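Residue numbers (this note's numbering), protein chains in the order written: chain A, 823 to 1166; chain B, 823 to 1166.
A virtual CB, placed ideally from N, CA and C, is assigned to each residue, including glycine.
Here the structure is a predicted model, which is why all the values come from computation and not from measurement.
Protein chains: 2
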Amino acid sequence: MGRQPSAKPTSFDIAYLAGVSQPTVSRALRGSKSVSAATRANIERIARELNYTVDKNASSLRSQRTHTLALLFFEDPTPDESMINPFFLSMLGSITRQCALKGYDLLISFQQMHNDWHVAYQDSHRSDGIILLGYGDYQLYRTKLEHLVEMDTKFVRWGSVSDDSIGLTVGSDNVGAGELAGAHLVEIGRRHIAFLGDASEHAPEFQDRYAGLCRAMRAAGIAPDPGLQAGAVSSEASGYAAAKSLLASGRRFDAIFAASDLIAIGAMRALAEANLRCPQDVALIGFDDIPAASQTSPTLTTVMQDMKGAGELLVDALLRRIAGADAERTMLPAKLIKRQSTAV
Amino acid sequence: MGRQPSAKPTSFDIAYLAGVSQPTVSRALRGSKSVSAATRANIERIARELNYTVDKNASSLRSQRTHTLALLFFEDPTPDESMINPFFLSMLGSITRQCALKGYDLLISFQQMHNDWHVAYQDSHRSDGIILLGYGDYQLYRTKLEHLVEMDTKFVRWGSVSDDSIGLTVGSDNVGAGELAGAHLVEIGRRHIAFLGDASEHAPEFQDRYAGLCRAMRAAGIAPDPGLQAGAVSSEASGYAAAKSLLASGRRFDAIFAASDLIAIGAMRALAEANLRCPQDVALIGFDDIPAASQTSPTLTTVMQDMKGAGELLVDALLRRIAGADAERTMLPAKLIKRQSTAV
DNA sequence: CGCCATAGGGTATACGTATACGCATAATAT
DNA sequence: ATATTATGCGTATACGTATACCCTATGGCG
């Protein structure tokens, strides 16, 4: 007997039991220093006994802070199939973990680039900030990103970390990664290195990787051949097509650096169909180290990005922005994973 | 001139502009029938002009409904690496999409089985219901699930759909899927079929798959050999170890049905090391159709679950439960994907 | 011994929305 | 013509928390 045990306890219940007022409970639980240690301990004990949890909605409404972040995935415009880049999915783990660690909830949503996602989360007070994830046409993005900046919406973006990028960006050192790949190919004696991936301003990350490759080649005294660059988006089909067209062009090449593993896997299929041995005839390097990369035949040499660090950095940077600090752009180093496709 | 454009508009702003009271705005936007068509149209127009969105927190606080679902992933107790089963990740897409379609937000969280996740989401009013996803020791779960039922928390679970399972469950027809796999192996002439996967009550789904295999064998007049069943959790390492021990046992077998693709990939490696040809010496079938399954050598025959349907069904079933209806357990049919590992 | 700072906590109120009621006007029924 | 019922909307209030402000003791100080 006493109070009804089924109703969820409120701060008033605790206040009553502790013999204090409701605001004191709020202060105690939020760590205000104007509550004596004894009172606080007592309140915390009672709260634990009652299994009390702060009502998120009331708290957010009053404080205008949600303690929630929103994660927006941008899908490649594949019509219906949910072909999300596995690389981003693998980042999900570290992002959720870091959010939990910092006491934030994570809202997740898949978006088409052309939607009005840029207004959906800021005004309805659903999140304190937004994490943007996904390859895609950067130019398409631009105006929406500018809109976010204008509205002072807090957000971080995963992508190419260049000076002209809008807002706060965290990303891998794509130029450095491209250099790693290029240097490795040069090291195993390749001089005619093709690049598969859109190297235009629409895909800054791929552009950076290509730039890194070129830099490594020049450092070895090799002039990159622009004819050995073929556009491709991150999909197996696109990689297959790009490799096919390269083969059809009749140009000679003894190595391929693909801008993503999916592209590389498509290219590998095209090479096999052309009876070219990998790596003997054409060495191959991918990017992302997706799980399938270690299952291909031959297994795929690739560049691994630091996804654990990436997730943590994204969350931390966003939280700093939310706190009012101006967080700086950050680049993470990448690592070359050597496998059979470059083992000569 | 007029009102300050930067402040987020509230229902009062709209009411003022429309010349009505705030509750009328609320009613109009929520679709109450006690608002005239003209008034409603006017309010909707103004709302659109002001870029008004309902404040989620206030709305949830008042109505005690959040229009948010929580998705809880249970990780296999891998110490630190975020090795989430790719199968569940692939369900993420359809779940988020279905949530969006129904006007619900999706909170996501990774959990260790032993945490107090069963209290974290219900009391703080963060979600209207919970979707539980993840393999894992079912027995460990049980008491927590019972607790959820007792607290009348709305939830759906992906898993084995059996009569004794607690709460609302949606899952593949694992027995039927096992039968499919077994029938196919029998069809290609195999009679000594091993099963890799924990077939105990701790893993009801694996148990069901094994039961299906046995049923198919018996239907073909073959007595299943209990000695050809080796426990394994869903990981490559575990599959490798299980296959190794089976090989070491000296028992003869000409086919393996693995309870998951990861197990199958591990087994494939063990077979290769033992100089057994796949499929000639040992045919192999996996389960899940993860992306890597089409990249192995030989490519892996596997059972594909209907993940798109699964996500939709999970969300719909949960929403029905939330609405007060008692949704029924549901099973989805699975499909056999034939590849090289069973092509004799 | 009066004065002021400080600790500790109470009082009042706002956050923005969604309902329970009540009250007109208009439309029907009798 | 009066009684009855819908229709359409306004009034009042509650949801549970967090903060601005105010008040009371105490202790230190001159």
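Beta carbon proximity, residue i to chain B, threshold 8 Å
| i | result |
| --- | --- |
| A880(A) | yes |
| F932(A) | yes |
| I836(A) | no |
| V876(A) | yes |
| Q1117(A) | yes |
| L911(A) | yes |
| G915(A) | yes |
| L955(A) | no |
| L883(A) | yes |
Bridge partner(s) assigned by DSSP for residue i
| i | result |
| --- | --- |
| K1157(A) | M1126(A) |
| I952(A) | A892(A) and F977(A) |
| D927(A) | T890(A) |
| A1052(A) | L1018(A) |
| A1080(A) | L1018(A) |
| T819(B) | Outside the modelled stretch of chain B, which goes from 823 to 1166, sits residue 819(B), for which no answer is possible. |
| I1107(B) | F1079(B) and T1123(B) |
| F932(A) | F895(A) |
Sequence-distant residues of the same chain with beta carbon closer than 6 Å to residue i, five excluded per side
| i | result |
| --- | --- |
| S1082(B) | S1056, F1109 and D1110 |
| A1033(B) | V997 |
| F932(A) | F895 and E897 |
| D877(A) | none |
| A869(A) | I836 |
| L955(A) | F895, F910 and W980 |
| Q1051(A) | F1017 and A1021 |
| Q961(B) | H1024 |
| P831(B) | L872 and Y874 |
Burial state of residue i (16 or more Cβ within 10 Å)
| i | result |
| --- | --- |
| G1072(B) | exposed |
| K976(B) | buried |
| V1125(A) | buried |
| A1003(A) | buried |
| Q784(A) | Beyond the ends of chain A as shown, which are 823 and 1166, falls residue 784(A); an answer cannot be given. |
| D1030(B) | buried |
| E871(B) | exposed |
| V1166(A) | exposed |
| E1023(B) | exposed |
| F1079(A) | buried |
| T1164(B) | buried |
| R1074(A) | exposed |
| L923(A) | exposed |
| F834(A) | exposed |
CB contact below 8 Å: residue i versus chain A
| i | result |
| --- | --- |
| R919(B) | yes |
| R948(B) | yes |
| P1026(B) | no |
| D986(B) | no |
| S904(B) | Note that S904(B) has pLDDT 45, beneath the 50 cutoff, so the model's placement of it is unreliable and the number below is only indicative. Yes, S904(B) lies at the interface with chain A (some Cβ there is under 8 Å from its Cβ). |
| I1087(B) | yes |
| P1113(B) | yes |
| T861(B) | no |
| L922(B) | According to the sequence as given, residue 922(B) is Ala; it is not Leu. Chain A contact via Cβ: present. |
| D927(B) | yes |
| T888(B) | yes |
| V1055(B) | no |
Contacting residues, own chain, Cβ-Cβ under 7 Å from residue i (five flanking each side not counted)
| i | result |
| --- | --- |
| E903(A) | Because the pLDDT at E903(A) is just 48, under 50, the model does not fix this residue reliably, and the point stays unresolved. |
| P901(B) | With a pLDDT of only 44 at P901(B), under the threshold of 50, the placement of this residue in the model should not be trusted, and no figure is reported. |
| T888(B) | S882, H947, R948, S949 and D950 |
| A1149(B) | L990, A1139, R1142 and R1143 |
| L1069(A) | A1092 and A1096 |
| L967(A) | I988 and G989 |
Proximity test, residue i beta-carbon vs the ligand NAD heavy atom, cut-off 7 Å
| i | result |
| --- | --- |
| R948(B) | This structure simply doesn't include the ligand NAD, nor any ligand for that matter. |
Residues of its chain near residue i, where Cβ-Cβ distance is below 8 Å and the 5 sequence neighbours each way are ignored
| i | result |
| --- | --- |
| A1045(A) | M1039 |
Query raised in the report: With a cut-off of 8 Å, do at least 3 Cβ pairs link the segment 838-857 of chain A to the segment 842-855 of chain B?
Result: no
Q) On the three-pair Cβ rule with 8 Å, is the segment 987-1007 of chain A touching the segment 1131-1149 of chain A? A) yes
*Per the contact definition of three or more C-beta pairs closer than 8 Å, is the segment 920-928 of chain A in contact with the segment 965-975 of chain A?*
no
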